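Below is one structure, written out as structure tokens, with a few remarks after it.
Shown next as structure tokens:
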């Protein structure tokens, strides 16, 4: 269909993006790989020496590493679960006609615009703070002992905060998809005496599957790199209870200034992320075929 | 849309050019990186005085939380990024950085700067071969701050130099959890400058130390176990909820809102907790020396925040002018004039502690001075140590191991591991890091 | 009868919808309210919701401490600058992928997305060193560049999905009429793509505005955006709840308002090809 002429043109047009991204990926990555084989402490410049695989060995055998991998997965899956289920329910709700729907929708999408640092600060200090937070006040009013959210359930608390930020995103995409649902099909099913749940199960949900795929894909990309929320709220603690892979690398590289170890961690994280990406795309990429 | 887009493009292009143009202006711009502690924020507010005296120097402030600040300035100085002209650094960084040649010797602070007036223990920790590499902005030790009213209610009297045993007993007696009164607030947030500052200093008074003379970590020895067990039990019985995320600033807020009976922390907090504008309990605060265990060492640390100029700074002259202004006797007078003597940054100049106006306005002055004088960085533990530093070990690797150990102890405080487990993990992690760093050197 | 049920149902839905919306919106509302309290009132128990002495003192305090306008201006420059630069690079790429796809187009797209999974912290030190050598630290251009690069995959993908929905026959008809490539893009493609481009712009402005790793680590003062502004309030300084609320409100207000006003545009396009 397309001529060779336009094909060549197309290639040229795509080139800048690809080239830029390739440089962005390969230059720092190359340097990171190089650093990962060095004894390289930022505080001792000029004393770099070849380390072989020692940085990798130390990173992987660090007891925090296992925790970090688990925490990363917990965080990604936890937020995905809350936002897809919650987002579907919210979308269904917002799809119903009710008074002041427009304003309610504005309120629901607002968290998506809030920068992660701010939302983490607000949740930590205004809501989850065990002494001055609102949740503590509610608990005391109801006669319970206030919960020390970030101390006792650090990872769950962070999951809640991050899910709060991403819930609107999922809701919006799912709502748009819902609105394109064929009403006649639904009405026909109602005529046949299908219950609300059965309609949801057999008509609505399949219709939403593509939108759900998009939500999962985009959110995963961002959730693998959750950083600001952890930095602001728990600093990865207590212990390593809320350290994800990115934060572990941050601690190694920028709090302990071990650039070699952090680079090894970075390489490992890139590999793991690509493994996730591979499976993710295999698993749900099909759904995205037009 | 396309018209709108091009307008945006024009605007942002213009803005970028304006931004670039600013750099070529006539005045010298000095960029200062500092911590968001109360005294530094006050300095920022008083900078109009500096501007009036030096109209040709423009100050730019980067105010960050302690950990973030340390990360930013260390990255920058190690990578020679040249982003800052004045950096706020601690007594831990100063000797290490000076040794590496990263800091400029401060030799243009002016005739009347009077460096001799700086308290000897503080001055020696920021000097190298008698040359000043960083100028102390404020110095601190740690001490006990307590609520006189609650102490009285509990039927106890705070001695001037309490023991840990008394502190434990008093904290439990003052606690009234239903009314949100917690007998003691101590640091719990993980970090070598947070919970480990308290715990390392505390361990000194329990007879503990970080390393023996062969650089072997000592977390498997009894003193550390006693320290940690005492700390955990005390915090469980009499500490506030969420203590594992409380650092200096968090505890300050708790104490100021009247939720703490006692608080063992930096002497510099004294002016904040006695300031009626910020503190609900300003008129009820008493002070005592940090507790001991009768072993000859008290659990108090020594720290100062200092201003330094990175080597190779293009604006070293202007930077030193600023440092001279901010750490001079005149600055103390300026703060006194604007905000009262009690708010003067403490712990750096001997002359301040001879000033009757200050001694009158600051009931905590003598206690601060005594605490600072009682700390000895070269001889901090009961047993001999191969390192310098009271609540830290002045080696580059300490940030890593201090934070790792701090995390273990924070986890124990949050109830996620036991004291034994935490100590064992700490011992193993430190051994690992030290082996990797090639100790003993 | 039927109408009565509908009304009752609608009333029920209204209550439910507003209830849920209120809960989700509450943290923002609470921050906004607290920013007008005095520090003492911000921590009183029981909390005061509306009946307190409204004060602007916190805003004055924050303003006297930080040059808010400069931070905000930097955010605008970085967010819009990077989005524009991103569009400039991405439109041709997305166009090419949508209209002359090859076997590898899908893989290419997925590869682009996978670059976003790279943990930023892992490459900070190399990037910092490169930025130092190219004198890009704390410059608008450097930040625009980084933001463009990290958001480029999303921009390309979004545009690709919109372009693909433009019926090819229309383009072919234009081509038959002798339109050049340039005319094809400017006259035929652009008008149809505007809604898609608009929502791409909005999403990317939001993402760039809120990015808090690179902006914090590569800027100091001249190019520091609002994420750096809020970082100076990120740990308590004694009683700080009201000040924190004021600073937070100031940091998020511009982008929340933009998001609200352009909500329809954003929603219309925020489908990533998920809706056929």
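Protein chains in written order, with the numbering used here: chain A, 21 to 310; chain B, 5 to 445; chain C, 255 to 530.
From the three backbone atoms N, C-alpha and C, an ideal C-beta is built for every residue, glycine too.
In this text, all values refer to a predicted model and were calculated from it rather than measured experimentally.
Taking a C-beta cut-off of 9 Å against chain A, the contacting residues of the region 288 to 313 of chain C are 288, 296, 297, 299, 300, 301, listed in chain order. What residue 417 of chain B touches in chain A, judged by beta-carbon distance under 9 Å, is 171, 258, going in chain order. Cβ neighbours of residue 312 of chain B within its own chain (closer than 6 Å, five residues either side excluded): 91, 93, 107, 138. Contacts between residue 421 of chain B and chain A, judged by CB atoms closer than 7 Å, involve 259 in chain order.
Annotation: residue 104 of chain B is outside any beta strand (DSSP E) and is labelled neither H nor E by DSSP. Put simply, the CB of residue 116 of chain A is near chain C, with a gap under 8 Å to one of its CB atoms. Between the region 194 to 210 of chain A and the region 220 to 229 of chain A there are three or more inter-stretch CB-CB distances shorter than 8 Å, so the stretches are counted as touching.
Secondary structure of residue 122 of chain B (DSSP, three-state): strand. When the Cα atoms are used, residue 303 of chain C and residue 291 of chain A turn out to be separated by approximately 49 Å. Taking C-beta separations shorter than 8 Å and ignoring five residues to either side along the sequence, the partners of residue 443 of chain C in its chain run 349, 417, 420, 425, following chain order. Inter-segment contact for the region 120 to 127 of chain A and the region 152 to 159 of chain A is absent: fewer than three beta-carbon pairs are separated by less than 8 Å. When Cβ pairs closer than 8 Å are counted between the two stretches, the region 70 to 78 of chain B is seen not to touch the region 48 to 55 of chain B, the count staying below three.
Look at residue 151 of chain B here: in three-state DSSP terms it is strand. For the region 61 to 77 of chain B, the set of positions with a beta-carbon nearer than 9 Å to some beta-carbon of chain C reads 64, 65, 66, 67, 68, 69, 70, 71, 72, 75, 76 in chain order. Residue 151 of chain A and residue 501 of chain C have their C-alpha atoms some 22 Å from each other. For a Cβ distance threshold of 7 Å, residue set 391, 392, 474 of chain C lies close to residue 87 of chain B, ordered along the chain. Taking residue 462 of chain C as the centre and dropping the five residues before and after it, the same chain places the C-beta of 332, 333, 336, 337, 401, 405 closer than 7 Å to its C-beta, in chain order. The DSSP assignment places 274 to 277, 320 to 331, 333 to 343 as complete runs of the alpha helix (DSSP H) inside the region 273 to 350 of chain B, in order along the chain (cut-off: 4 residues). Inclusion of residue 411 of chain B and residue 260 of chain A in the CB contact set at 8 Å is warranted, their separation being smaller than that value.
Among the residues facing chain B, residue 522 of chain C is not included, as its CB has no counterpart in that chain under 8 Å away.
A direct Cα-Cα distance of roughly 18 Å separates residue 101 of chain A from residue 220 of chain A. Rounded to whole angstroms, the gap between the alpha carbons of residue 159 of chain B and residue 257 of chain A is 38 Å. Residue state for residue 82 of chain A is assigned as coil, using DSSP reduced to three classes.
Residue-level contact check: residue 78 of chain A touches chain B, since one or more beta carbons of chain B fall below 8 Å from its beta carbon. Going by DSSP, residue 64 of chain B is part of the beta strand (DSSP E) stretching over 61 to 68. C-alpha of residue 505 of chain C to C-alpha of residue 281 of chain B: approximately 27 Å in a straight line. In the DSSP secondary-structure assignment, residue 36 of chain B is bridged to B:65, B:90. Between residue 285 of chain C and chain A, the shortest Cβ-Cβ separation is below 8 Å.
Against chain C, a Cβ distance below 8 Å from residue 83 of chain B picks out 379, 382, 383, 386.
Contact check between the region 202 to 211 of chain B and the region 223 to 238 of chain B: three or more CB pairs, one atom from each, fall below 8 Å, which counts as touching.
Listed in chain order, the alpha helix (DSSP H) runs fully inside the region 162 to 231 of chain A are 169 to 172, 174 to 199, 203 to 211, 216 to 219, counting runs of at least 4 residues.
Within the region 46 to 62 of chain B, the residues whose Cβ lies closer than 9 Å to any Cβ of chain C are, in chain order, 48, 49. Taken through DSSP and simplified to helix, strand or coil, residue 248 of chain B comes out as helix. Between residue 328 of chain C and residue 136 of chain A, the CB-CB gap reaches or exceeds 8 Å.
Among the residues facing chain B, residue 277 of chain A is included, as its CB has a counterpart in that chain under 8 Å away. The alpha carbon of residue 162 of chain A has as its nearest neighbour, out of C:480, C:275, C:322, C:300, the alpha carbon of C:300.
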